[in-house]
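Numbering (the numbering used here), first residue to last: -2 to 460.
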């Protein structure tokens, strides 16, 4: 305890060493080498009432001065009890700045575009306004302004989508394979988004069944052209859909606002496919995140009753974030900055194939997104993965799951868990020793394709 009475200051050595050397005079009080504490003690000359709260790394000190005949200054150190500076001006100001920054972040999506006009243009507009006013007075009628140029403005995203879609369409039209009829179509969702879809129809083989194909994250359905033609050669007509933000479909490239939308889009397009091909058994194929979409759709009894089975390669059932803290921050960051990109792992991270030619073809493809994953997209993957892990036991549809033992993108243990917990009576699993994530683009792709086709053919016998 430090006591100051009638301007006589007595400070113990341990406090003196903490704040510096002091000089005490009759009507003047100075503190030497005291730093920020000087401004507080200098106010003692007037002996007016004020309160000070100061927090240091080792102590919390409160200073209170009461106006009386004999003023008393009491300094309380951390040893005798801490006094929180919760309502100090500094803390309140910091809290206000934090709230203000949060509100500004929320308002960012609603900011409008400001049109900049040059002084010359401004003067021209003013002149035009005067002329119109004069004309109006002469005609004694209303003035209607008509823009000299009526050119629709497309946003950057719309221009990007148009370029991607044009390339996807051109690839379909330029495919001159005589054994396959390759066509494209545009499918409009219930949200009003346009999805790019394509189909591969066998020319020389009778159609025995249908395969609905969903690609993985950052790629597109056209990458599975060789696989689709292999299915054609075995009597299967193939349909592929680029889900939102991918390939030739609407949306910012590789940005997925909700994977539930992708699931619903799959359901609606699947209904369209089944309506166009009555009586043919239909199988669903999905890779990686596309497999997760297929799985969630198959958990719907309305979908499960209409398909003959599903094939899953490297399904995103077991996915772990790069750092555990992301699991906590993902919901907040994805809300505030959904399009923000982080953790560029496509080129510098986990290798997805041991075939150099396949890697070169993938990462030189303009329709394949090679940038950093977007926050909302990553969060949606974690969210659908968590949902699947909690509902694996509800899966009853026949399925085949394939996974590479050295896959560093999705965990093979997730496929094992799927096989063990699913309630399906017809289920199969195969792990390929040493293979990576993109099974259909590994050197052993022919073996993988054969395993898929053999499983499909066996199921056709039961239909």
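C-beta: ideal position from N, C-alpha, C; glycine also.
C-alpha gap between residue i and residue j, whole angstroms
| i | j | result |
| --- | --- | --- |
| residue 421 | residue 160 | 43 Å |
| residue 237 | residue 330 | 32 Å |
| residue 403 | residue 297 | 32 Å |
| residue 447 | residue 96 | 59 Å |
| residue 179 | residue 459 | 29 Å |
| residue 437 | residue 358 | 13 Å |
| residue 429 | residue 449 | 13 Å |
| residue 457 | residue 209 | 15 Å |
| residue 272 | residue 307 | 19 Å |
| residue 427 | residue 385 | 20 Å |
| residue 174 | residue 278 | 25 Å |
| residue 412 | residue 332 | 30 Å |
| residue 82 | residue 376 | Low confidence applies here, because residue 82 scores a pLDDT of 39, under 50, leaving its location unreliable; read the following figure in that light. Approximately 38 Å between the Cα atoms of the pair. |
| residue 305 | residue 152 | 42 Å |
| residue 154 | residue 246 | 11 Å |
| residue 253 | residue 370 | 10 Å |
| residue 235 | residue 303 | 16 Å |
| residue 401 | residue 213 | 15 Å |
| residue 164 | residue 445 | 29 Å |
| residue 226 | residue 417 | 32 Å |
| residue 361 | residue 355 | 10 Å |
| residue 352 | residue 432 | 11 Å |
| residue 423 | residue 455 | 11 Å |
| residue 172 | residue 328 | 43 Å |
| residue 162 | residue 440 | 30 Å |
| residue 301 | residue 406 | 28 Å |
| residue 367 | residue 221 | 18 Å |
Minimum C-alpha distance to residue i - residue among the options
| i | options | result |
| --- | --- | --- |
| residue 157 | 189, 363, 180, 316 | 363 |
| residue 188 | 329, 265, 173 | 265 |
| residue 274 | 444, 226, 207 | 207 |
| residue 399 | 278, 434, 368 | 434 |
| residue 192 | 153, 248, 176 | 248 |
| residue 177 | 257, 309, 198 | 198 |
| residue 372 | 337, 190, 276, 154 | 337 |
| residue 425 | 453, 155, 183, 195 | 453 |
| residue 260 | 254, 416, 294, 269 | 294 |
| residue 382 | 361, 352, 443, 311 | 311 |
| residue 419 | 441, 401, 396 | 396 |
| residue 224 | 455, 443, 451 | 443 |
| residue 299 | 416, 392, 171, 168 | 392 |
| residue 387 | 432, 354, 292 | 292 |
| residue 282 | 258, 301, 309 | 309 |
| residue 167 | 195, 186, 190 | 195 |
| residue 186 | 171, 257, 172, 221 | 257 |
Per-residue DSSP class, three states only, for residue i
| i | result |
| --- | --- |
| residue 171 | coil |
| residue 411 | helix |
| residue 219 | helix |
| residue 233 | strand |
| residue 243 | coil |
| residue 162 | helix |
| residue 374 | helix |
| residue 328 | helix |
| residue 299 | helix |
| residue 96 | helix |
| residue 464 | The structure shown does not extend to residue 464, since the chain is modelled only from -2 to 460, so the question has no answer here. |
| residue 416 | helix |
| residue 360 | helix |
| residue 188 | coil |
| residue 444 | helix |
| residue 282 | strand |
| residue 459 | coil |
| residue 196 | strand |
| residue 238 | strand |
| residue 287 | helix |
| residue 461 | The shown model of the chain, from -2 to 460, leaves out residue 461, and the question about it has no answer. |
| residue 209 | strand |
| residue 204 | coil |
| residue 432 | coil |
Sub-8 Å separation of residue i and residue j beta-carbons
| i | j | result |
| --- | --- | --- |
| residue 219 | residue 244 | yes |
| residue 389 | residue 414 | yes |
| residue 251 | residue 374 | yes |
| residue 240 | residue 211 | yes |
| residue 290 | residue 334 | no |
| residue 313 | residue 285 | yes |
| residue 216 | residue 394 | no |
| residue 408 | residue 348 | no |
| residue 269 | residue 181 | no |
Below-8 Å beta-carbon distance, residue i vs any chain B residue
| i | result |
| --- | --- |
| residue 374 | This model lacks chain B altogether, as it is built from one protein chain only. |
Query - the region 193 to 210 touching the region 228 to 235, judged by at least three CB pairs closer than 8 Å - result: yes
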